[in-house]
Structures are given as structure tokens and as C-alpha cells.
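The block underneath contains the structure these notes are about, expressed in C-alpha cells.
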Amino acid sequence: MGGGYVAGSASEFDGEDLIRQSNRGIVVVIIQYRLGIFGFLAGAAVKRNGTLNAGLLDQDFALRWVNRHISKFGGDPSKVTIWGQSAGAGSVLQHVIANGGRTEPQLFRAAITSSTFLPSQYMFDDPAPEFLFNEVLAQTNCATATDSLVCLRAADATVLQAANANITSSSFFGTFTLVPVVDEVFITQRPTLSLLEGKVNGEVLLVVTNTFEGTHFVNQKVSVTASQYSLELFPGFSTAQADAVSSLYADLGNDLFQVNAVQGESIFICPTYYLLSAFRGRAFKAEFAIPPGLHANDIVYYFPGTSIPPFNNTIFINAFTQSFTSFIINLDPNLKVDPTTITPEWNLYNIEHTEMLFNKTADGVPVVEPIITSNALLERCRHVFALLTISRFMIMFLQVLEQCW
Numbered sequence: 001m002g003g004g005y006v007a008g009s010a011s012e013f014d015g016e017d018l019i020r021q022s023n024r025g026i027v028v029v030i031i032q033y034r035l036g037i038f039g040f041l042a043g044a045a046v047k048r049n050g051t052l053n054a055g056l057l058d059q060d061f062a063l064r065w066v067n068r069h070i071s072k073f074g075g076d077p078s079k080v081t082i083w084g085q086s087a088g089a090g091s092v093l094q095h096v097i098a099n100g101g102r103t104e105p106q107l108f109r110a111a112i113t114s115s116t117f118l119p120s121q122y123m124f125d126d127p128a129p130e131f132l133f134n135e136v137l138a139q140t141n142c143a144t145a146t147d148s149l150v151c152l153r154a155a156d157a158t159v160l161q162a163a164n165a166n167i168t169s170s171s172f173f174g175t176f177t178l179v180p181v182v183d184e185v186f187i188t189q190r191p192t193l194s195l196l197e198g199k200v201n202g203e204v205l206l207v208v209t210n211t212f213e214g215t216h217f218v219n220q221k222v223s224v225t226a227s228q229y230s231l232e233l234f235p236g237f238s239t240a241q242a243d244a245v246s247s248l249y250a251d252l253g254n255d256l257f258q259v260n261a262v263q264g265e266s267i268f269i270c271p272t273y274y275l276l277s278a279f280r281g282r283a284f285k286a287e288f289a290i291p292p293g294l295h296a297n298d299i300v301y302y303f304p305g306t307s308i309p310p311f312n313n314t315i316f317i318n319a320f321t322q323s324f325t326s327f328i329i330n331l332d333p334n335l336k337v338d339p340t341t342i343t344p345e346w347n348l349y350n351i352e353h354t355e356m357l358f359n360k361t362a363d364g365v366p367v368v369e370p371i372i373t374s375n376a377l378l379e380r381c382r383h384v385f386a387l388l389t390i391s392r393f394m395i396m397f398l399q400v401l402e403q404c405w
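Under full-length UniProt numbering, the residues of the sequence shown are numbered 1 to 405, in order.
As C-alpha cells, this is what we get:
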């Protein structure tokens, strides 16, 4: 589920929609996990006497439960696919790189991400998570306690939830701060480095992004340059790094369009391509472009039972959704649940950077066709990665990624 690791609920999704699209060929399990400070409070004190990334460990526990018990419900533990949207997709990424890519037993064979969410992921004791930890202490009257975690555990749940809400609402517009960290046990290093090194769990991958992922997360009424925005989005950036981002996006249009692109590409779209590079020859890529093509616009098409999709075209919905259920069952969207869907042959991503576009014409005719990833976009992603990665890895990244892409 999505929600920036601070919101969302399994009750928002009806698994029956996916079961129906699979011709009752799959078993659906929708899980919940702790959010906000309850699931992602970090810091050295939490490392010593608590549990880092508790929300991810909740998910891991659920996957292990599925591994042990899904056969009792007609499922096959050797054929599990994990799928998430936004923070749920970010969670999928975390499990892909968990335990250095050596999770035992194998908890899933395939992974699907819809809008891969990867904000800055700090070491557990970085100044950023330490600041948040101290802020939680201040808002719960635990700042002067002899043992801060004992104090937090004794605090009333309403006090903790108030602190949780305050910290979330005070974050920079459209960003989330209570997110996974590198804990050196479950998440052994920065996800981007694990992907670069190919240290991944899972055999095959299918990913989808929306055309304009960043617009929802940018205040459309505030005038700001790409350089100024980058300093807020990435607090550790120097002015030179922010100016480098500005140069990368200078040709994309006015300031607002540039800022929307910086947000969407750095947090959602580029992480998706980093993930693809780790599954070379084993991955499929889709773009959902039904106007307006914003973040989360694709959800209602996976779960049409919850509300009526804006483009309520059965031919399109079947083609889009059944690509995913076919992948879940057969590890290949070309081996269709329903062979009559209009989706054409779908190449692996490494074949000329081929993606499958899901869109419509102005007259309401479904458009499902292969496209080639923009080289300019991939180039921006390469440079954004380098800017976000500590300097000693920059040269290695650019050399290896040139070979992968």
C-alpha cells in the first residue's frame, strides 16, 4: 500500500478485483504494517535498545507467514509475487535488496512495483534521523528521560500519534521523513548501491510508472527554481549540487515544470530504472499515461471495484490489469490469462529499452503500444544518481551503468 510510510490501509484495496482479472488463478494477500514513528523511528538509541525499520520487519513477518501457510489457502509458496504501489512499491524495493539479496528462505520469485518510491535513505544514525528522534522525544515529554525508549514505550498512544501527525505535517511540502533507513542488518547498505551491485532477491521484475509522478508532491502555487527546490528536497546537497540539478532540467520548460520533473524523476521514476538495471534481461517496464497521468492514477484500474475509472473502457482495463496478473501467474505478460486482450508483444526492457505504453487517444480509443525510453531521461537519471551517491562510488556507477543501460 502507498502513503509515504505514514498513511494508508489494506482495507482500501479489494483483492477480489485482481482475482477476477486472473480468472481466479491467484490467491491475494493484502498486508498491513506499522507506519510513521511506530514503524520507522530511527536513531542510535533505537539501534541499541529497539527495532529499526519495524515496518519493514512487519512486512517480512507477513511474507514468512505466507511462505509457511499459503498452501492451506490454495496458494503455492514457491510462486509468490510481491506487489506494491508508491511506498508499497518502495517496500518491494527494500525486500528486493534485503539481507544483501540473500534472504532465506526465498520469500518471493517475482516483484512488481507501481511508482517505486525511494526518498533519501539515510544511515540509522545520520543527523537527519537523529533530529527526528529528538523531535519525537521533545513532543512526548521524553527529552530529559534517563532512558528515552522506556519513556516512549510508557507514553499514551494519543500522545505518540499527535507527535507522529505533527512531524509528518511539518515536513517539506510533498515529502515524507519517517521512512526506512540503512540499519546494517536487514538493509545492509543504501538500496541504490545494492542495485548497482546486483545484490537482489527475486527472479523477475515488472515495473510501471505514471507519466507525471511529481506533480502531486509540488506546491503548484509557489514559484521556485529547480536549484532552490533541490536544496529543500535533499537537505544534504551543496549549492553546487543543486545548481547541477538545475542545469540537468533547464531544457524541460518553465520553473514549475522543471521542479515537477525533479521531484517525480528523483523520487519515483529514476529509482524505477535503477531497479530495472539490477534485473537486466529479467524485467518488463510499463508507462501509464491516461491523462492526466499523475501519481496513483493507475490504482483504480487495478481495483476498478472500488470506484469507476475515469477511462472506463473494458478493453483497456482488461489489457492493462491482465498484463500484471499474467505476469504473476506466468512470469511473462505475453503468456496471457486472456489471449484476446489488445496488448501486443511485450519485450524485456533490456531489448532497446522497450516499455509498454498504456494510453488513449483524444477520441477515447485505447492505445497500448511499445515505446522506447527517452535517452534524455536516462541521462538525467544517471546524473541524479551520481549526485545522490557518495563521491567514491560515482565513477564506478557511471562505468557500470553505461554497460547496463
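Idealized CB from N, CA, C, for every residue including glycine. What you are looking at is a predicted structure, and each value in this text was computed from that prediction instead of being measured.
Going by the CB atoms, is the gap between I328 and A110 shorter than 8 Å?
-> Taking the first residue of the sequence shown as position 1, residue 110 is located at position 110. Taking the first residue of the sequence shown as position 1, residue 328 is located at position 328. Yes, Cβ-Cβ distance for A110 and I328 is below 8 Å.
Opposite S114 in the DSSP bridges: which residues?
-> As a working note, residue 114 is residue 114 in the sequence shown. S114 has Q85, V208 as its beta-bridge partners, per DSSP.
Residues of its chain near L137, where Cβ-Cβ distance is below 7 Å and the 5 sequence neighbours each way are ignored | Along the sequence shown, one-based indexing puts residue 137 at 137. Answer for L137: A143, S148, listed in chain order.
Exposure of I390, with buried meaning 16 or more beta-carbon neighbours within 10 Å = As a working mapping, residue 390 is identified with position 390 in the sequence shown. A caution first: I390 carries a pLDDT of 46, below 50, which makes its placement in the model unreliable, though a value can still be read off. Flag for I390 reads exposed.
Can you tell me which of T306, Q322, N297, P291 puts its alpha carbon nearest to the alpha carbon of D363?
-> Taking the first residue of the sequence shown as 1, we reach residue 363 at position 363. Nearest option by C-alpha distance: P291.
Start-end ranges of the alpha helix (DSSP H) lying completely within the stretch 160-225, minimum 4 residues | As far as the stretch 160-225 is concerned, its whole alpha helix (DSSP H) runs of at least 4 residues are 191-196.
Does DSSP classify A386 as helix, strand or coil?
-> Position 386 of the sequence shown, counted from the start, is the residue given in the question as residue 386. It is helical.
Ends of the alpha helix (DSSP H) at N99?
-> Here the question's residue 99 lines up with position 99 in the sequence shown. Premise fails: N99 is in no alpha helix (DSSP H) and is neither H nor E.
Can you tell me the Cα-Cα spacing of V208 and A62, whole angstroms?
-> Taking the first residue of the sequence shown as position 1, residue 208 is located at position 208. Taking the first residue of the sequence shown as position 1, residue 62 is located at position 62. Roughly 24 Å separates the two Cα atoms.
Who are the near neighbours of V259 in its chain, counting only those whose CB is closer than 7 Å to its CB and skipping five residues on each side?
-> Along the sequence shown, one-based indexing puts residue 259 at 259. Hits under 7 Å: V218, V224, A226, Y229.
Candidates A42, L357, N53, V365: closest to N210 by CA position | Taking the sequence shown and counting its residues from 1, one reaches residue 210 at position 210. Nearest of A42, L357, N53, V365 to N210, Cα basis: L357.
Is it buried or exposed for H69, if we count other Cβ within 10 angstroms and need 16 for buried?
-> Along the sequence shown, one-based indexing puts residue 69 at 69. H69 is exposed by the Cβ-count criterion.
In the structure shown, what three-state DSSP assignment does N260 receive?
-> For the purposes of this step, residue 260 is taken as residue 260 along the sequence shown, with counting starting at 1. DSSP places N260 in helix when its eight states are reduced to three.
Going straight from the alpha carbon of F108 to that of K79, what length do you get?
-> Sequence index remark: in the sequence shown, residue 108 carries index 108 (1-based). Sequence index remark: in the sequence shown, residue 79 carries index 79 (1-based). Their Cα atoms are separated by approximately 7 Å.
Taking 8 Å as the threshold, find out whether the stretch 175-186 comes into contact with the stretch 117-125 through three or more Cβ pairs.
-> yes
Which class does F311 belong to by DSSP, given the choice of helix, strand or coil?
-> As a working mapping, residue 311 is identified with position 311 in the sequence shown. F311: coil per DSSP, three-state reduction.
Helix, strand or coil for I371, going by three-state DSSP, please let me know.
-> Numbered from its first residue, the sequence shown carries residue 371 at position 371. Of the three classes helix, strand and coil, the one that applies to I371 here is strand, per DSSP.
Classify I351 as buried or exposed, calling it buried when 16 or more other Cβ atoms lie within 10 Å of its own Cβ.
-> For this step, residue 351 is matched to residue 351 along the sequence shown. Looking at its Cβ environment, which holds fewer than 16 other Cβ atoms inside 10 Å, I351 is exposed.
Under the rule that 16 or more other beta-carbon atoms within 10 Å means buried, what is A240, buried or exposed?
-> Counting from one through the sequence shown, the residue named residue 240 turns up at place 240. So A240 counts as exposed.
DSSP bridge partner residues for K360 (one or two, in chain order) | For the purposes of this step, residue 360 is taken as the residue at position 360 of the sequence shown. K360 is bridged to P366.
Going by C-alpha distance, which of G253, S266, Q220, N254 is nearest A242?
-> Taking the first residue of the sequence shown as 1, we reach residue 242 at position 242. A242 has its Cα closest to that of S266, out of G253, S266, Q220, N254.
N- and C-terminal bounds of the alpha helix (DSSP H) containing K47 = Looking up residue 47 in the sequence shown gives position 47. 44-49 is the span of the alpha helix (DSSP H), which, as asked, contains K47.
Close Cβ partners of T188 (< 6 Å) along its chain, the five nearest in sequence each way excluded | As a first step, residue 188 is located in the sequence shown; it is residue number 188 there, counting from the start. G100, listed in sequence order.
Between I82 and the rest of its own chain, which residues show a CB-CB distance below 6 Å, the 5 nearest in sequence each way excluded?
-> Position 82 of the sequence shown, counted from the start, is the residue given in the question as residue 82. Closer than 6 Å at Cβ, skipping near neighbours: V92, F108, A111.
Please confirm if the stretch 23-39 is in contact with the stretch 48-55, defined as three or more CB-CB distances below 8 Å between the two stretches.
-> By the criterion of at least three beta-carbon pairs nearer than 8 Å, the stretch 23-39 is in contact with the stretch 48-55.
Note down, one range per segment and in chain order, each beta strand (DSSP E) of at least 3 residues found wholly within the stretch 123-165.
-> none
With a threshold of 16 other CB atoms inside 10 Å of the CB of L335, please say whether the residue is buried or exposed.
-> Translated into positions along the sequence shown, residue 335 becomes position 335. By the 10 Å Cβ count, L335 comes out exposed.
Going straight from the alpha carbon of Q220 to that of L256, what length do you get?
-> Within the sequence shown, the letter at position 220 stands for residue 220. Within the sequence shown, the letter at position 256 stands for residue 256. Distance between the alpha carbons of Q220 and L256: 7 Å.
Name, in chain order, the residues that DSSP records as bridge partners for A240.
-> Taking the first residue of the sequence shown as 1, we reach residue 240 at position 240. In the DSSP output, where bridge partners are listed per residue, A240 has none listed.
Start and end residues, alpha helix (DSSP H) containing F61 | By one-based count along the sequence shown, residue 61 stands at place 61. Its alpha helix (DSSP H) spans residues 54-69.
So, helix, strand or coil for K336, using DSSP?
-> Here residue 336 is taken as the residue at index 336 of the sequence shown, counted from 1. Reduced to three states, the DSSP call for K336 is coil.
Within 8 Å, strictly: CB atoms of G2 and A87 | By one-based count along the sequence shown, residue 2 stands at place 2. By one-based count along the sequence shown, residue 87 stands at place 87. Yes, Cβ-Cβ distance for G2 and A87 is below 8 Å.
Whole-number beta carbon distance between P119 and T158, since they are thought to touch under 8 Å = Locating residue 158 in the sequence shown gives position 158, counting from the first residue. Locating residue 119 in the sequence shown gives position 119, counting from the first residue. Actually they do not touch by this definition, with Cβ atoms about 28 Å apart.
Can you tell me which of G90, A283, S247 puts its alpha carbon nearest to the alpha carbon of V204?
-> For this step, residue 204 is matched to residue 204 along the sequence shown. Closest by alpha carbon: A283.
Between G15 and I30, is the Cβ-Cβ spacing less than 8 Å?
-> For the purposes of this step, residue 15 is taken as the residue at position 15 of the sequence shown. For the purposes of this step, residue 30 is taken as the residue at position 30 of the sequence shown. Their beta carbons are under 8 Å apart, which means G15 touches I30 by this criterion.
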